[in-house]
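Chains V and Z, in that order, give the protein sequences.
Numbering follows our numbering, with no gaps: position 178 of the first sequence is 178.
To convert, take the position in the second sequence, counting from 1, and add 401; that gives our numbering.
Just so you know, even glycine gets a beta-carbon here, dropped at the ideal spot from N, CA and C.
Since the structure comes first, as structure tokens, the remarks are kept for the end.
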Amino acid sequence: MKTTDNIEKMLTPQCEFKASSSLKDRILEAAAQEEITTPARPRLVIMKYLATSVAAAIALLAVLFIGKSSVQPTYAAEKIFADAAEILNNINSYTAILKVRTDPQENFSYINPWGRFVEHTVTVQQSTGHWSIDKGGRKAVYDGTYTWQWLPESQFGWKYDNENIYVIDDFALLLDLPSLMVAEENIALASNGACITKTESDEVITLVVTSPAQGDFTNEYSRNTSILESDTIREYEFSKEGGELLSLKISTKILGVNRVIVEMTDLKYPPGIKPSTFAVDEDIEWIDNTELGMKVAYETLPFDQFTGITAEEAVVKMFDATSVWDEDFLKVVLRNMSLRQMEKIYKGCRLLEYEPSFKSGLYNGVFVKCKVKMADGRTKKLVVALRNDNPTMTWTADGGL
Amino acid sequence: MTDKKQQRLNELEGIIVREQDMLFRFAYMRIGRRADAEDIVQDVFLKLFRSSESLGSVRNIKHYLIRSISNACKDFHRRQQNILPLEKAEREMVSDDDLKMHEEYLRITKLAGTLPQEQKEVLYMKCIDGLKFREIADILELPQATVKSRYRYTIQGIQKQLN
């Protein structure tokens, strides 16, 4: 049995890697040919940005010219973020209400900029590492032993070993406020195109960070479906006296309009949290994704049928299985979905046609567009999300159904 | 040459001496070819040279350089469409001096197998580049908890494959 230490040792290079002795001179020679250019000032970045959006221009002009506002050198912003991270690192726990434009039952990372606000209650106990997040239609908890995520209305959920941040994806950024502050500090340090402005009132310092969307958008399918995959304007308020974070607001630019997608209100720092906050609901049908649960599943289900094939082939096999409702196959490919819910919709469903798979944004899996015929004869167009980034590289449907 | 430029070149030389081997290893383990890896290292240093009036004012220069070289390697792969296939890397002509290094590249690349890129990056930064979780989180701009769980998950995956 290979231990973690053994594997780490195996992955460590056993020899030195030396650059050529001439590399330094080559670089210095090339650098000597370079003209020294003064880097673009943040104001230039803002002016370029202003030209792209009237609505954004109004917002940023307000930031630039009202009150004691100014475009700040990044060192000022980075210090404010660093101080706030330090304060957050030293507190026992925090709670907050986050209003997010999303759907109550969707994945936590999913945003819908044109949707309504859904209230999320977030609780983090830093001293133990426990956390919980509740948006009504979906809840997730890390109780120190397992991570649980469930849909209360469907009475269905997933159980994972240890702390598994994957279940909330990039929403984890909003749950881990110290790391969020460090990430913003790094953006301020990196001078990588993000633009930061600062305004002050008597009691509050406001920092506004604008950043482009992350991810590969050769295909635009995923754009604006998560915070990281959107062009964002992030506004933070800090206490001028103590430096602690007071609030945050995230907007995205769509069709030239700034749309608030996340707003944190009611950030509190209570000394302790009731243990019941990290308890899971009763009477939930759990998909056991723990190591033990997966071991049992691998031994009893045909996982090999969905490995070593393409995503398109997996889709074909999946709909072959729904047409005759082959539960063994479906327990593999629909492992992360409620089979009973799926049965109500897709029993008897057949695949009519499909297109080649494609990737989009930061999503680690792929999307397959397809057309299916439901049991009642209706046809339906789907974009099925599938991923195989698991230890056995088995394809599982992840969304779009 | 102006005094200002000479001063910047002196600053750059100090940084190259300190960081070039680390950056070269970073690039080589992701590219597998000395010439390409050194080109990338050179581009990263030149980008740094152009980026700031005073190189000393770039705080945490090591993180800045690692972030830059990581992005440069990704750009390289995008331009090349894919990573040097292993069978091609195995046939790659290398000098006697580079033989051991190339064997290590092949051995570790095989071990990491077909891991998804985001898992591989965390794994490489921890085991090959010797970075701490906090540093990896800073460089990848991810929560530390995400980095830790991604790392654990990746190690478990390799463990299962090996066992």
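Through-space distance from residue j to residue i, alpha-carbon basis
i, j, result
"Val495 of chain Z", "His503 of chain Z", "8 Å"
"Glu519 of chain Z", "Thr95 of chain V", "30 Å"
"Asn564 of chain Z", "Arg116 of chain V", "49 Å"
"Thr547 of chain Z", "Phe171 of chain V", "11 Å"
"Asn461 of chain Z", "Asn258 of chain V", "34 Å"
"Met526 of chain Z", "Ala19 of chain V", "19 Å"
"Asp498 of chain Z", "Glu16 of chain V", "11 Å"
"Tyr346 of chain V", "Gly514 of chain Z", "36 Å"
"Ala428 of chain Z", "Ala321 of chain V", "45 Å"
"Ser276 of chain V", "Arg479 of chain Z", "49 Å"
"Glu431 of chain Z", "Asn388 of chain V", "The sequence shown places Arg at residue 431 of chain Z, not Glu. Going by the C-alpha atoms only, they are around 22 Å apart."
"Lys249 of chain V", "Leu98 of chain V", "9 Å"
"Ala59 of chain V", "Glu235 of chain V", "With a pLDDT of only 30 at Ala59 of chain V, under the threshold of 50, the placement of this residue in the model should not be trusted; the figure read from the coordinates follows. One C-alpha to the other measures close to 12 Å."
"Ser226 of chain V", "Asp404 of chain Z", "49 Å"
"Arg535 of chain Z", "Ala385 of chain V", "32 Å"
"Gly365 of chain V", "Gly399 of chain V", "10 Å"
"Asp25 of chain V", "Leu449 of chain Z", "16 Å"
"Gly136 of chain V", "Gly293 of chain V", "27 Å"
"Thr396 of chain V", "Met342 of chain V", "14 Å"
"Tyr363 of chain V", "Ser222 of chain V", "8 Å"
"Gln560 of chain Z", "Ala436 of chain Z", "33 Å"
"Val167 of chain V", "Ala140 of chain V", "8 Å"
"Phe477 of chain Z", "Glu439 of chain Z", "12 Å"
"Ser179 of chain V", "Glu106 of chain V", "24 Å"
"Ile215 of chain V", "Ser360 of chain V", "Sequence check: residue 215 of chain V is Gly here, not Ile. Rounded to the nearest angstrom, the two C-alpha atoms are 7 Å apart."
"Thr102 of chain V", "His120 of chain V", "10 Å"
"Asp422 of chain Z", "Val442 of chain Z", "9 Å"
"Lys533 of chain Z", "Ile87 of chain V", "22 Å"
Strand pairing of residue i, partner residues [DSSP]
i, result
"Asp216 of chain V", "V:Gly361"
"Gly157 of chain V", "V:Trp150 and V:Trp286"
"Ile250 of chain V", "V:Arg234 and V:Val262"
"Ala172 of chain V", "In DSSP, Ala172 of chain V forms no bridge with anything."
"Cys195 of chain V", "V:Thr210"
"Ser130 of chain V", "Note that residue 130 of chain V is His in the sequence shown, not Ser. BP columns for His130 of chain V point to V:Gln125."
"Ile205 of chain V", "V:Glu200 and V:Phe238"
"Val384 of chain V", "V:Val368"
"Leu490 of chain V", "This structure gives no information on residue 490 of chain V, because the portion of chain V shown stretches from 1 to 401."
"Phe477 of chain Z", "Looking at the DSSP assignment, Phe477 of chain Z forms no beta bridge with any residue, so it has no partner."
Contact set for residue i: own chain, Cβ-Cβ below 7 Å, skip 5 residues either direction
i, result
"Lys388 of chain Z", "The requested residue 388 of chain Z does not occur in the structure, where chain Z is confined to residues 402 to 564."
"Val54 of chain V", "Because the pLDDT of Val54 of chain V is 26, which lies under 50, any placement of that residue in the model is unreliable, and the number read from its coordinates should be weighed accordingly. Taken in chain order, the residues that qualify are Gly256."
"Asp444 of chain Z", "Ala473"
"Ile165 of chain V", "Ala172"
"Ile284 of chain V", "Trp150, Gln155, Phe156 and Gly157"
"Thr52 of chain V", "For Thr52 of chain V, the pLDDT reaches just 27, beneath the cut-off of 50, and the residue's location in the model is therefore unreliable, although a value from the coordinates is still provided. Excluding sequence neighbours, Thr52 of chain V sits near nothing in its chain."
"Leu301 of chain V", "Asp328, Lys331 and Val332"
"Phe303 of chain V", "Val332, Thr392 and Thr394"
"Asp539 of chain Z", "His464"
"Pro270 of chain V", "Ser93 and Thr95"
Other residues of its chain near residue i: CB distance less than 6 Å, five sequence neighbours each side excluded
i, result
"Gln33 of chain V", "none"
"Ala213 of chain V", "Glu229, Ser230 and Asp231"
"Glu78 of chain V", "Glu185, Ala188 and Leu189"
"Leu267 of chain V", "Ala96"
"Ala82 of chain V", "Glu185"
Cβ distance (whole Å) where residue i is taken to contact residue j below 8 Å
i, j, result
"Thr206 of chain V", "Thr199 of chain V", "5 Å"
"Asp161 of chain V", "Ser109 of chain V", "About 21 Å separates the two Cβ atoms, so there is no contact after all."
"Val124 of chain V", "Ser93 of chain V", "6 Å"
"Gln557 of chain Z", "Pro113 of chain V", "The pair is not a contact, with the Cβ atoms about 36 Å apart (cut-off 8 Å)."
"Ile27 of chain V", "Leu447 of chain Z", "7 Å"
"Ala85 of chain V", "Met10 of chain V", "Not confirmed; about 35 Å, so no contact."
"Leu335 of chain V", "Ile287 of chain V", "Inspection of the sequence shows that residue 335 of chain V is occupied by Arg rather than by Leu. Yes, Arg335 of chain V and Ile287 of chain V are in contact; Cβ-Cβ is about 7 Å, under 8 Å."
"Ile91 of chain V", "Gly243 of chain V", "That pair is no contact at about 13 Å."
"Lys14 of chain V", "Glu505 of chain Z", "In the sequence as presented, Lys is not what sits at residue 14 of chain V; that position holds Gln. The pair is a contact, with the Cβ atoms about 6 Å apart (cut-off 8 Å)."
"Asp176 of chain V", "Pro517 of chain Z", "About 22 Å separates the two Cβ atoms, so there is no contact after all."
Close beta carbons around residue i, own chain, < 8 Å, minus the five adjacent residues each side
i, result
"Glu163 of chain V", "Gly129, Tyr142 and Thr147"
"Arg426 of chain Z", "Ile529 and Asp530"
"Asp202 of chain V", "Lys240"
"Arg350 of chain V", "Phe319, Thr322, Ser323, Val372 and Lys373"
"Tyr354 of chain V", "Glu312, Val315, Val316, Val368, Lys369, Cys370 and Lys371"
"Ile417 of chain Z", "Phe446"
"Ser469 of chain Z", "Val445, Lys448 and Leu449"
Residue i Cβ short of 8 Å to the ligand GDP heavy atom set
i, result
"Ala438 of chain Z", "Within the structure as shown, the ligand GDP is missing, as the structure has no ligands at all."
* To do: Please name the residues in the stretch 521-543 of chain Z whose beta-carbon is closer than 7 Å to at least one beta-carbon of chain V, in chain order.
  => Leu524, Cys528, Ile529, Ala538, Asp539 and Glu542
* According to a CB-to-CB cut-off of less than 8 Å, which residues of the stretch 156-170 of chain V neighbour chain Z? -> Those residues of the stretch 156-170 of chain V placed with their C-beta closer than 8 Å to a C-beta in chain Z are Asn162, Glu163, Asn164, Ile165 and Tyr166, ordered along the chain.
* Check each residue of the stretch 428-458 of chain Z: if its Cβ is closer than 8 Å to any Cβ of chain V, include it; give the result in chain order. => Tyr429, Met430, Arg435, Glu439, Val442, Gln443, Phe446, Leu447, Phe450, Arg451, Ser452, Ser453 and Glu454
* Name the residues in the stretch 491-515 of chain Z whose C-beta lies less than 9 Å from a C-beta of chain V; which are they? -> Asp498, Lys501, Met502, Glu504, Glu505, Tyr506, Arg508, Ile509, Leu512, Ala513 and Thr515
* Asked: Looking at chain Z, which residues of the stretch 16-31 of chain V have a Cβ within less than 8 Å of any of its Cβ atoms?
  -> Glu16, Phe17, Lys18, Ala19, Ser20, Leu23, Lys24, Arg26, Ile27, Leu28, Ala30 and Ala31
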